[in-house]
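All remarks here apply to the structure that follows.
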Amino acid sequence: MNHCKTLACRNFGLSDKKYYLLQVTDPSRPELVCRECGAFPPLLNNSALLEELNRSKEQDSASLAACSNQACPSCNKPVLTHRELYHAFGYSGERQRYRCKHCQSTFVDKWSNANPKLDIQQKLLGLVFTGHAVREICRKLAINPKTFYDHLDQIALRCRNKLATVDARFVQMCNSTPMASTLAPLQPSSKNGVNWLATGDAKHGYVFQQSLNYAADEMPPDDSNDTIAKRSRLMPNAFDTQIEANVATPKDLLERVNTKYSEVLSRKNVEDPYTKPIDVTYPSTGSLIRPQYTTYAHFLRIAESTIDWDSITLYLPQEPLLRSAIVSVFKDRMEERTCHPIYVEQNANWIEPNSSETVDIVLLSWWRDRWAFTKIGVGSKGICHLGRETNNERYWLEKASTEQLEDYQSRFHLCFKSVIDEPRRRRRPGGLLPLLDIYRAWNNLCHQNSDGFTPAQALGLARKPYSLADLLS
Ligand SMILES: [Zn+2]
Ligand SMILES: [Zn+2]
């Protein structure tokens with residue numbers, strides 16, 4: 074992943090040492106400088122990225138029925154999405170048994186029987202979704218908090234299992250569907266450094282993948298100056314304290330975009346928002362992960378899933394962390410022009426245009442990013458095609474939007490406010506992991522838009538909305 078990331082540069086995507094100046098002795102100077110364009114892409118530890126990729130995959134597929142023989146090529150490939158690798162092999166009680174065609178080992182699908190706890194879990198979920206605090210739910214159902222979180226874990230595993238099939242259909246049936254990615258703090262009022270990256274279909278809000286820069290079962294490295302810690306994907310608890318500054322509110326959208334570029338250039342590493350003065354209350358358990366590792370891994374997984382798609386379109390908030398990851402992961406597609414990453418920024422007053430307004434083109438910041446801005450009354454919107462495509466600005470100004478994904482994240486914050494803001498939860502984000510799985514399943518399969526369609530239905534992936542009972546059975 075270490076190469077020049079300037080699209081217009083001859084060295085774009087090339088990793089040969091001879092194209093770069095490389096130094097690691099003087100920490101005040103960039104480690105890698107492109108001899109051609111002078112860009113200094115931050116170094117990334119490729120084996121640490123691989124670790125993060127594997128961690129993220131294991132986390133999402135751990136509960137699914139699959140061959141578990143580490144020596145077998147089918148290991149961890151779920152039956153749900155890789156039927157061809159397994160034979161149905163009788164039953165164990167009510168549960169389906171399978172045999173791996175490759176290594177002959179057998180295993181049981183834990184989720185193939187009826188849910189014996191359907192009744193209580195349905196009540197519990199109903200209460201969680203109507204904004205009740207954990208304490209209240211425990212009282213109403215006469216259970217203790219430990220039991221509550223155990224139920225939540227089991228519900229999350231069932232949801233993940235349900236979604237795996239529909240996700241596979243999404244990949245097969247939604248070739249080239251425009252997607253959007255958004256990045257938000259997991260718990261906005263706790264400043265615990267955990268960010269939540271979500272990617273999904275931009276039009277109907279089917280959320281396909283989400284990642285957190287947090288590992289509940291790892292320990293943060295001790296010393297940030299240690300060379301090993303410096304090259305690790307794990308983030309040490311060492312931040313420069315933020316000095317209160319009076320930042321003027323940008324007067325218009327162009328100024329807002331420029332302010333964001335200044336913020337980005339104030340980072341020591343443009344791909345890592347934590348390398349500038351910032352207040353972080355480090356989680357009391359688990360470890361934060363440097364966001365660039367989580368982000369590159371996130372898009373590597375999307376690239377793997379969409380390998381057969383004709384093209385990839387991604388609408389994004391203005392953030393070089395996302396840009397760098399995307400142009401690196403999809404570098405072949407960038408060159409073939411089958412990948413369209415597009416920054417989209419708009420103000421709160423933006424309404425869908427019904428006539429063609431004037432479009433202003435401006436080149437901004439060190440990157441000379443080519444932005445197109447338009448205005449309707451007090452509403453304004455700007456887009457920037459990161460592949461430097463020109464003459465299509467009106468089309469992208471009309472189509473590009475991250476709103477569905479933004480709504481997805483803000484609904485989560487609103488709906489689960491009492492759980493998210495629980496005082497003991499603020500430094501223990503791990504407890505929210507199952508809730509995220511449940512929320513994604515509910516959003517994709519149960520939540521209906523104003524026309525009564527769920528995102529899965531709107532995309533033709535499901536015939537009807539799922540009820541909570543369908544999700545849990
Ligand atoms: Zn270059
Ligand atoms: Zn096997």
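Position one of the sequence shown corresponds to residue 74 (my numbering), numbered consecutively onward.
Yeah, the Cβ is synthetic: ideal placement off N, Cα and C, and Gly gets one too.
With respect to the alpha helix (DSSP H) encompassing residue i, which residues constitute its N-terminal and C-terminal limits?
{"i": "V402", "result": "393-402"}
{"i": "R484", "result": "476-488"}
{"i": "R329", "result": "326-338"}
{"i": "A376", "result": "364-378"}
{"i": "Q132", "result": "119-134"}
{"i": "G199", "result": "191-202"}
{"i": "F180", "result": "Counting along the chain, F180 falls outside any alpha helix (DSSP H), though it belongs to the beta strand (DSSP E) covering 179-181."}
{"i": "R233", "result": "218-246"}
{"i": "Y468", "result": "466-472"}
{"i": "Y355", "result": "From DSSP, Y355 is part of no alpha helix (DSSP H); its letter is neither H nor E."}
{"i": "V207", "result": "207-214"}
{"i": "P426", "result": "That residue, P426, is in no alpha helix (DSSP H); it is neither H nor E in DSSP."}
{"i": "W515", "result": "506-518"}
{"i": "A542", "result": "541-545"}
{"i": "P528", "result": "528-531"}
Let me confirm a value: residue i is counted as buried when at least 16 other C-beta atoms fall within 10 Å, else exposed. Which label applies?
{"i": "H458", "result": "buried"}
{"i": "M407", "result": "buried"}
{"i": "L518", "result": "buried"}
{"i": "M252", "result": "buried"}
{"i": "E336", "result": "exposed"}
{"i": "N127", "result": "exposed"}
{"i": "P496", "result": "exposed"}
{"i": "H550", "result": "There is no way to answer for residue 550, as the model of the chain reaches only from 74 to 546."}
{"i": "G273", "result": "buried"}
{"i": "V320", "result": "exposed"}
{"i": "E418", "result": "buried"}
{"i": "A121", "result": "buried"}
{"i": "A318", "result": "exposed"}
{"i": "M246", "result": "exposed"}
{"i": "L52", "result": "Here the chain comprises residues numbered 74 to 546, so residue 52 is not present and cannot be evaluated."}
{"i": "P261", "result": "exposed"}
{"i": "V97", "result": "exposed"}
Look at residue i and residue j and say whether their C-beta atoms are less than 9 Å apart.
{"i": "L534", "j": "K454", "result": "no"}
{"i": "R306", "j": "Y388", "result": "no"}
{"i": "L105", "j": "L94", "result": "yes"}
{"i": "A26", "j": "T386", "result": "Residue 26 lies beyond the stretch modelled for the chain, which goes from 74 to 546, so this question has no answer here."}
{"i": "P356", "j": "V267", "result": "yes"}
{"i": "K235", "j": "L544", "result": "yes"}
{"i": "P528", "j": "V353", "result": "no"}
{"i": "K213", "j": "L200", "result": "yes"}
{"i": "L230", "j": "S129", "result": "no"}
{"i": "Y369", "j": "L116", "result": "no"}
{"i": "L509", "j": "R498", "result": "no"}
{"i": "A138", "j": "V207", "result": "no"}
{"i": "A288", "j": "I362", "result": "yes"}
{"i": "N422", "j": "G450", "result": "yes"}
{"i": "A271", "j": "L478", "result": "yes"}
{"i": "E471", "j": "A398", "result": "no"}
{"i": "R102", "j": "Y92", "result": "no"}
{"i": "P293", "j": "Q315", "result": "no"}
{"i": "H48", "j": "E466", "result": "Outside the displayed span of the chain (74 to 546) sits residue 48, for which this structure offers no information."}
{"i": "S178", "j": "C211", "result": "no"}
{"i": "I415", "j": "W469", "result": "yes"}
{"i": "L338", "j": "P502", "result": "no"}
In the DSSP output, what is residue i paired with across the bridge?
{"i": "D274", "result": "M252"}
{"i": "G455", "result": "E418, F446"}
{"i": "L437", "result": "D442"}
{"i": "F85", "result": "C77"}
{"i": "V280", "result": "G273"}
{"i": "M292", "result": "M292 pairs with nothing; no bridge assigned."}
{"i": "V432", "result": "T447"}
{"i": "P151", "result": "A139"}
{"i": "Y287", "result": "L361"}
{"i": "P258", "result": "N268"}
{"i": "C412", "result": "I385"}
Going by DSSP, what residue range makes up the beta strand (DSSP E) through residue i?
{"i": "T386", "result": "385-389"}
{"i": "L94", "result": "93-95"}
{"i": "Y159", "result": "159-165"}
{"i": "A304", "result": "Looking at the sequence itself, residue 304 is Arg, so the reference to Ala does not match. Element bounds for R304: n/a, residue is neither H nor E."}
{"i": "Y171", "result": "168-173"}
{"i": "L105", "result": "105-107"}
Would you say residue i touches ligand 4, meaning its beta carbon is less than 8 Å from a heavy atom?
{"i": "V97", "result": "No copy of ligand 4 appears in this structure; the ligands present are ligand 1 and ligand 2."}
Please enumerate, following chain order, all residues with a beta carbon closer than 6 Å to at least one heavy atom belonging to ligand 1. Selection output, chain order preserved: C77, T79, C82, N84, C107, E109, C110, A112.
Please write down, chain order preserved, every residue whose beta carbon lies under 5 Å from a heavy atom of ligand 2. Listed along the chain, these residues meet the criterion: C140, N142, C145, S147, C173, H175, C176.
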